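If you read the sequences in order, they're chains Y and U. Residue numbers for the first sequence follow this note's numbering, so the first one is 1 and each next one is one higher. Residue numbers for the second sequence follow this note's numbering, so the first one is 1001 and each next one is one higher. Shown next, in structure tokens, is the structure this report addresses.
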Amino acid sequence: MTDLLSVSDLRKDFGGVRAVDGVSFTVRAGETLGLVGESGCGKSTTARLVTRLLEPTSGTVRFDGHEISRYSERRLRPLRRDLQIVFQDPIASLNPRHTAGTILAAPFKIQGVRPPGGQRAAVADLMARVGLNPEHYNRYPHEFSGGQRQRLGIARALALRPKLVVCDEPVSALDASVQAQVVNLLADLRDEYGLSYLFVAHDMAVVRHLSDRVAVMYLGRIVELADRDTLYAAPRHPYTKALLSAVPVPDPALRERRERVLLRGDPPAPGQAAVGCRFRSRCPRYRDDLDDTQRDRCATEDPQLSDDPSGAVACHFPSP
Amino acid sequence: MPAETTLPGDSLLSVRDLRVQFPTDDGIVRSVDGLSFDVAPGEIVGVVGESGSGKSVTGQAILGLLRRTRARVTGEIRFDGRDLVAAPEAELRRLRGAELAMVFQDPLSALHPYYTVGSQVSEAYRVHNRVSKRAARERATQMLDRVGIPEPHRRYDAYPHEFSGGMRQRVMIAMALVCTPRLLIADEPTTALDVTVQAQILELLKDLRDEFGSAVLLVTHDLGVVAETCDSVVVMYAGQCVEQAGVEDLFARPQAPYTWGLLGSMPRVDQDRRDRLAPIGGQPPSLLAMPPGCAFEPRCGYHEEVPDGRCRTERPALVHSGDGHSVRCHLTTGQRLTLRPVTS
């Protein structure tokens, strides 16, 4: 498979705060890469960097053969047909004064695309495809429910049949029953149009459901990246283990049987570049399993993401 | 009329036919529409539902927080034998904080930004206990320590904005439990928190229940949180209880089509499920224009199993189906056994 998106050593500083600190990954054509982590880990910033809604401080973003990290807005514009984003909060990302019809026609207008059959028919078609009633063409965003607004956001992203859609927490604001509808819609559209997704989310269960490979972020770094099945069956980084064990499972019979790794403290806020492993302050392995020589290594040497193709992990003492 | 729930004899909180109605320009919104359930001493009861199901309003009604609003609250809320719906405001004020306490989703808006966290916890103690400031400070510091605030003596003097979200929620819990209330109402206490912090807070709630014997009414949208934390569950839909059971029973033998739908909607972190999720179609009904029959009928895939279109015309009653399990559905017990989808 070819790499559609290839990100290398990406960094972003906000003032003195390093939000993304040397992130590298690829998204292959047709695959979904899940990017997970807790608040402040830099996952949403990464989503905005690869779509060039933010300027990277350093690093490269190669999309479909173009190194776009320094492209001007003018040079980016033709590429934006192929690189789209869906946001968490549909109400904030839809112009309240525009009707559904206007919102969905905008991509065609901006890109100067004349769809066969006309714009109006193309918009109606899009609405039907994402499960909206095309008769609601003249409705405003506030006249739709939360789930319908997210369908509108997805329809807008898909209007020009992009190659890659970056989904930034697209279902986390939705109620469970509606969330499942939108998750299914995203899966169907991917299969139908052969889309690739960079799926950014904090919900480990949704990410498991939709992703082919998964990258776990902590404090601006990817700490583990592996095939979905490998990562969920045998997580190697102590943070991934803790994250997975913390997700509540809707089965009380498993309450006692599940292995729980309780982390102490909160995810730290991003700050200055630190010395040593950034997870060690909360790491149960560092706390309980390592001897002093090993701990010394964690305290002084920043673990790098190994480039093992079956599963990469940034830990000096990962689980086998 | 079928028996709605267990005998109220041993319950700490007993809610009967609770109705909360908000008059609006467009008509009356029936947020809670005839809800009955019990909480035993020391029990953790989950109230689970989606937005607009009435779960949060239920908690607010119990605490009397709707009294200064336009809401009309009727029915019975018996707490330790006293009817809170009819109780005078002075009595409620005496109970709130001392015997009934609440933790909200967003601790930042529930904590006063101008006062130190320690002073707010000790104030909560002094309102109900005649003790010196020093004794209250001592007690508040102990509580901060107990809920896992590191260096509680020093952190006593910190302000809410100096704390992380998880630490603020710990402060809220310390404040709620400082008078060892008999019932804690926790409204989405972990929804704003990261999952690793959520796990800590849920553990803390369970530990504190064991230690202080406080009962907990846990209002949440997350069936996973219910499964990990609660002893029994009330599933709400459009202001009504559609199913009620012990936690193991609910997840092992769910009876209501709505509960089936919720479970089918959830992707599982512990299971490899490559097929599609089974969501519930459509949207919840408008609380202004409730269907005359079963509130769930327009979204239910099983209404054709019930003869004579009864789901559309007749609202089902909440009926006991044995083992403290109740369900509001016209399907027969036999039908529910054969129709229930396999969820895991």
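All C-beta atoms in this analysis are idealised placements derived from N, C-alpha and C, irrespective of residue type, glycine included. These numbers were taken from a predicted model, which means no experiment stands behind them.
- Message: Distance check for V1073/U and A1186/U, CA to CA, integer angstroms please.
- Response: Within the second sequence, numbered from 1, the residue matching residue 1186/U stands at position 186. Within the second sequence, numbered from 1, the residue matching residue 1073/U stands at position 73. The alpha-carbon atoms of A1186/U and V1073/U are separated by roughly 20 Å.
- Query: Whole-angstrom Cβ separation of D203/Y and R228/Y, contact assumed at under 8 Å?
  - Reply: Here residue 203/Y refers to the residue found at position 203 when the first sequence is read from its first residue. Here residue 228/Y refers to the residue found at position 228 when the first sequence is read from its first residue. Wrong, their Cβ atoms sit about 14 Å apart, outside the cutoff.
- Query: By how many angstroms is the C-alpha of I1077/U removed from the C-alpha of A1086/U?
  - Reply: The residue labelled residue 1086/U in the question sits at position 86 within the second sequence. The residue labelled residue 1077/U in the question sits at position 77 within the second sequence. Each residue's alpha carbon lies about 9 Å from the other.
- Cut-off 8 Å between Cβ atoms - residues of its own chain near S306/Y, not counting five sequence neighbours on either side: Residue 306/Y sits at position 306 when you count from the first residue of the first sequence. Within the same chain, S306/Y has close Cβ partners A312, V313, A314.
- Excluding sequence positions up to five away, which residues of its chain have a Cβ less than 7 Å from the Cβ of R48/Y? For this step, residue 48/Y is matched to residue 48 along the first sequence. Contacts found: L54.
- Check whether the Cβ atoms of G1054/U and L1218/U sit closer than 8 Å, and answer yes or no. Along the second sequence, one-based indexing puts residue 1054/U at 54. Along the second sequence, one-based indexing puts residue 1218/U at 218. Taking 8 Å as the cut-off, the Cβ atoms of G1054/U and L1218/U do not count as close.
- Query: How would you list, in chain order, the residues of chain Y whose beta-carbon sits under 7 Å from the beta-carbon of D1272/U?
  - Reply: Sequence index remark: in the second sequence, residue 1272/U carries index 272 (1-based). Within chain Y, the residues near D1272/U are D229.
- Message: For V27/Y, which residues in the same chain have their Cβ closer than 6 Å to its Cβ, ignoring the five residues on either side in sequence?
- Response: Counting from 1 along the first sequence, the entry for residue 27/Y is found at position 27. Contacts found: L4, L5, L33, S196, L198.
- Message: Run through chain U and tell me which residues come within less than 8 Å of H136/Y, C-beta to C-beta.
- Response: Position 136 of the first sequence, counting from 1, holds the residue named residue 136/Y. For a Cβ distance threshold of 8 Å, nothing in chain U lies close to H136/Y: the least Cβ distance comes to about 14 Å.
- Message: My output table needs one value for Q1198/U: the three-state DSSP class, helix, strand or coil.
- Response: For the purposes of this step, residue 1198/U is identified with residue 198 of the second sequence, where counting begins at 1. Looking at Q1198/U - three-state DSSP - the assignment turns out to be helix.
- With DSSP run on the structure shown, which of helix, strand or coil describes L1223/U? Within the second sequence, residue 1223/U is the residue found at index 223, counting from 1. In the structure shown, L1223/U sits in a helix (DSSP, three-state: H, G or I).
- Query: What three-state label does DSSP hand T60/Y in the structure shown?
  - Reply: For the purposes of this step, residue 60/Y is identified with residue 60 of the first sequence, where counting begins at 1. Residue state, collapsed to three classes: strand.
- Message: Beta-carbon within less than 6 Å of P90/Y's beta-carbon, same chain only, minus the 5 sequence neighbours each way: which residues are those?
- Response: Here residue 90/Y is taken as the residue at index 90 of the first sequence, counted from 1. Excluding sequence neighbours, P90/Y sits near R149, Q150, G153.
- Message: Determine, for A205/Y, whether the minimum Cβ-Cβ distance to residues of chain C falls below 8 Å.
- Response: In summary, chain C is missing from the structure at hand, where the protein chains are Y and U.
- Message: Taking DSSP's pairing of strands, which residues face M1236/U in a bridge?
- Response: Within the second sequence, numbered from 1, the residue matching residue 1236/U stands at position 236. As DSSP reads the structure, M1236/U sits in a beta bridge with C1241/U.
- Query: Which ranges would you report for the beta strand (DSSP E) in the segment 255-289 of chain Y if only whole runs of at least 3 residues count?
  - Reply: Counting whole runs of 3 or more residues, the segment 255-289 of chain Y contains no beta strand (DSSP E) stretch at all.
- Message: Going by DSSP in three states, T1332/U sits in which element: helix, strand or coil?
- Response: Taking the first residue of the second sequence as 1, we reach residue 1332/U at position 332. Taken through DSSP and simplified to helix, strand or coil, T1332/U comes out as coil.
- What residue does the alpha helix (DSSP H) around Y239/Y start on, and which one ends it? Here the question's residue 239/Y lines up with position 239 in the first sequence. Annotation for Y239/Y: the continuous alpha helix (DSSP H) segment containing it runs 238-246.
- Task: Find the nearest neighbour of A100/Y within the set T293/Y, R129/Y, P141/Y, G147/Y, judged by alpha-carbon distance.
- Result: The residue given as residue 100/Y occupies position 100 in the first sequence. Looking at the Cα atoms, P141/Y is the closest of the given residues.
- Classify S44/Y as helix, strand or coil using the three-state DSSP reduction. Here residue 44/Y is taken as the residue at index 44 of the first sequence, counted from 1. Here S44/Y sits in helix by DSSP.
- Message: So, with DSSP's three-state summary, where would you put P1285/U?
- Response: Mapped onto the second sequence, residue 1285/U falls at position 285. In the structure shown, P1285/U sits in coil (DSSP, three-state: anything other than H, G, I, E or B).
- Query: Hey, does V1103/U have any beta-carbon neighbour from chain Y nearer than 8 Å?
  - Reply: Along the second sequence, one-based indexing puts residue 1103/U at 103. Not one chain Y Cβ lies under 8 Å of V1103/U.
- Message: Let me check understanding here. Comparing Cα to Cα, which of V171/Y, R285/Y, R208/Y lies closest to F398/Y?
- Response: In the structure as shown, chain Y begins at 1 and stops at 320. Residue 398/Y is therefore absent and cannot be evaluated.
- Message: Using a 10 Å radius around the Cβ and a threshold of 16 neighbouring Cβ atoms, would you call L1337/U buried or exposed?
- Response: Position 337 of the second sequence, counted from the first residue, corresponds to residue 1337/U. Exposed, because fewer than 16 other Cβ atoms sit within 10 Å of the Cβ of L1337/U.
- Under 8 Å between C-beta atoms of S1031/U and V1057/U: On the second sequence, residue 1031/U is found 31 positions in, with the first residue counted as 1. On the second sequence, residue 1057/U is found 57 positions in, with the first residue counted as 1. Going by C-beta atoms, S1031/U is nearer than 8 Å to V1057/U.
- Message: Could you compute how far the alpha carbon of V1131/U sits from the alpha carbon of Y1115/U?
- Response: Taking the first residue of the second sequence as position 1, residue 1131/U is located at position 131. Taking the first residue of the second sequence as position 1, residue 1115/U is located at position 115. V1131/U and Y1115/U have their C-alpha atoms spaced approximately 20 Å apart.
- Message: What does the alpha-carbon distance come out to for the pair E1297/U and E1099/U?
- Response: Here residue 1297/U is taken as the residue at index 297 of the second sequence, counted from 1. Here residue 1099/U is taken as the residue at index 99 of the second sequence, counted from 1. Each residue's alpha carbon lies about 40 Å from the other.
- Pairwise C-alpha distance: L1202/U and Q1169/U: Position 169 of the second sequence, counted from the start, is the residue given in the question as residue 1169/U. Position 202 of the second sequence, counted from the start, is the residue given in the question as residue 1202/U. Cα to Cα, the separation comes out at about 11 Å.
- Please decide whether R1276/U counts as near chain Y, where near means a Cβ-Cβ distance under 8 Å. Walking along the second sequence from the start, residue 1276/U turns up at place 276. Interface residue, yes.
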